[in-house]
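Under my numbering, the sequence shown has 230 at position 247, and the numbering climbs by one with no breaks. Below is one structure, written out as structure tokens, with a few remarks after it.
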Amino acid sequence: MSAIKLRSIGKSYGTTSVLQRIDLDIRSGEFLTLVGPSGCGKSTLLRILAGLEVPSSGEVEIGGMPVTDVRPANRNLAMVFQSYALYPHLTIAQNMMTPLRLRDLSTAERLPFVGPMLGRVKYQQIQQQVQETAKVLRIEALLDRKPGQLSGGQRQRAALGRAMVRKPVAFLMDEPLSNLDAALRIHMRSELAELHRSLQATFVYVTHDQAEALTMSDRMAVMMDGNILQLGAPDEVYNDPQDIRVAEFVGAPKINLLAGNLDSDGHARCGEVVLSRVTASRASEKVSIGLRPEHLALCAASEPGCLSGRVVHKENLGADIYLHVAIDDGLHRMVVRTTPQEGVSVSLGSDVSFHRLHGQAMVFGADGKRIQLADAMSSQVPEVA
Ligand SMILES: Nc1ncnc2c1ncn2[C@@H]1O[C@H](COP(=O)(O)OP(=O)(O)OP(=O)(O)O)[C@@H](O)[C@H]1O
Ligand SMILES: [Mg+2]
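This is the structure we're talking about:
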């Protein structure tokens, strides 16, 4: 079931169009990430969903109801901001109570006779709700502290707690981890994913960090220039990108792209690199051949059809070593993943040869769209030859 539907959402500021007719169904209970480079329109889309920004065209639906004209406060969505927006003079417990007190006590306090009594009952309920939420977030011991006395990660959880006590339809988060240091950011990825699983709530998460999107999401929408280029599960987007811009954006180190063309038989060809026949007969069209670093492996220089070059940089990540190899007399660079055992013996400035692993390659047409290979796995064509 869709929790949220965005229909043909467009947004312009003056003559500048920042979102172009975006359609997106967000499923109930999923962790959906909007990911893309800076300025592609992620925050604008999230703010339209929250009601903080009015779309120039299109409709927003929440739980089957059109809400395009509904005020942010009445959409029952919880926005967790990058800056956390906790009140510095209140304790964490008081911060977490605020949204509930504003909502419930204001009604109770308007009733002159039963108001104070109702207020007490409500207060106890609210306290209990705060305790329960704090338990889920493991911040029970911090409830009496002020935000200034917490670490970045704890503040993050307190801000989430404040959003959670309202039991919203969905949590909207705009780069919530960007203020944290690198180690904590990575730790919080798994915390958030775990929290999502335990809450079974809908999360809409904005980030420019493709690694965050890959590691946390059920589905990710890759945005560029105000469009969603691809929507899918992380492994689908990584392994089967439908657009060259998606292939380049997702994955670190980046995918290697070789310029080539389709020959008269429909093979994608780039110098020595020949790939199996593509389905479309688009002879002589210019194409790009995409090879991820892990699609390449070192081999003997004598192997027919391999590529060779000089190692100009070694990136040691512990579990993997990435070799940056200058090919074509230094005109192009390719990144090859090796194991530490293999990579350690390769010295900077040495010459290496590598080939494509069987069945691994992507071909993109001149329009940037993916061209499917007829049969990548059982190609009769040599791997790199
Ligand atoms: N109020 C505004 N007036 C004019 N242009 C705006 C306004 N708000 C955003 N923009 C423009 O709209 C585009 C999309 O902005 P948005 O904040 O949605 O990008 P983003 O994908 O969230 O980027 P980042 O990763 O840097 O946060 C940008 O080019 C931005 O300059
Ligand atoms: Mg933004």
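Built from N, CA and C at the ideal position, the CB exists for glycine as well.
{"Asked": "Ranges of the beta strand (DSSP E) found wholly within the region 148 to 184, counting only runs of at least 3", "Found": "153 to 157"}
{"Asked": "Nearest residue (CA-CA) to A242, options I272, V220, P217, D226", "Found": "I272"}
{"Asked": "Chain-order list of residues whose beta-carbon lies under 8 Å from that of P20 (same chain, five-residue window excluded)", "Found": "H191, M207, F232"}
{"Asked": "Contact the region 24 to 37 vs the region 112 to 119: 3+ CB pairs below 8 Å", "Found": "no"}
{"Asked": "First and last residue of the uninterrupted alpha helix (DSSP H) at Y221", "Found": "217 to 222"}
{"Asked": "As assigned by DSSP and simplified to three states, the class of D145", "Found": "Position check: residue 145 holds Arg in this sequence, whereas Asp was assumed. Helix, per DSSP."}
{"Asked": "Beta-carbon proximity list for S0, same chain, < 6 Å, skipping 5 on both sides", "Found": "none"}
{"Asked": "contact_flag[the region 147 to 162, the region 177 to 192] where n(CB pairs < 8 Å) is 3 or more", "Found": "yes"}
{"Asked": "Assigned secondary structure, S(-9) (DSSP; H/G/I helix, E/B strand, else coil)", "Found": "strand"}
{"Asked": "Euclidean distance between Cα positions of R54 and L2", "Found": "21 Å"}
{"Asked": "Integer Cβ distance of I(-13) from I45, believed to fall under 8 Å", "Found": "5 Å"}
{"Asked": "Beta-carbon proximity check, L274 vs K297, cutoff 8 Å", "Found": "no"}
{"Asked": "Buried versus exposed, by CB contacts within 10 Å (16 or more), E195", "Found": "buried"}
{"Asked": "Coarse secondary structure for K25, derived from DSSP in three states", "Found": "helix"}
{"Asked": "Supposed close pair V319, L279 - CB separation, criterion 8 Å", "Found": "4 Å"}
{"Asked": "Delimiting residues of the beta strand (DSSP E) encompassing T(-1)", "Found": "-1 to 10"}
{"Asked": "Nearest-angstrom Cα separation, counted from G(-7) out to K352", "Found": "23 Å"}
{"Asked": "Rounded separation between V294 and G348 - CA only", "Found": "30 Å"}
{"Asked": "Beta-carbon proximity of M62 to R145, cut-off 8 Å", "Found": "no"}
{"Asked": "Where T90 falls: helix, strand or coil (DSSP)", "Found": "At T90 the pLDDT is 49, less than 50, meaning the model places this residue with poor confidence; the figure from the coordinates comes in the next sentence. Note: T90 maps to helix in three-state DSSP."}
{"Asked": "Endpoints, the alpha helix (DSSP H) within which I122 is located", "Found": "From DSSP, I122 is part of no alpha helix (DSSP H); its letter is neither H nor E."}
{"Asked": "Beta bridge counterpart(s) of A251 as assigned by DSSP", "Found": "L245, L258"}
{"Asked": "L157 beta carbon near ligand 2 (any heavy atom closer than 7 Å)", "Found": "First, the amino acid is wrong: residue 157 is Asp here, not Leu. Result yes, Cβ under 7 Å from ligand 2."}
{"Asked": "Span separating the alpha-carbon of I354 from that of I227", "Found": "10 Å"}
{"Asked": "DSSP-derived helix/strand/coil call for T51", "Found": "coil"}
{"Asked": "Continuous beta strand (DSSP E) stretch holding A204: start and end", "Found": "202 to 207"}
{"Asked": "Spatial distance of L245 from G292 (CA atoms)", "Found": "25 Å"}
{"Asked": "Where H250 falls, given that 16 or more other Cβ within 10 Å makes a residue buried", "Found": "buried"}
{"Asked": "Selection from G254, Y221, K25, E325 that minimises the alpha carbon distance to G301", "Found": "E325"}
{"Asked": "Ligand 1 heavy atom lying under 7 Å from the CB of G41", "Found": "no"}
{"Asked": "Local conformation of E268 per DSSP, three classes", "Found": "coil"}
{"Asked": "Through-space distance from V37 to G(-3), alpha-carbon basis", "Found": "13 Å"}
{"Asked": "Cβ-heavy atom distance, K237 to ligand 4, below 7 Å", "Found": "Ligand 4 is not part of this structure, which contains only ligand 1 and ligand 2."}
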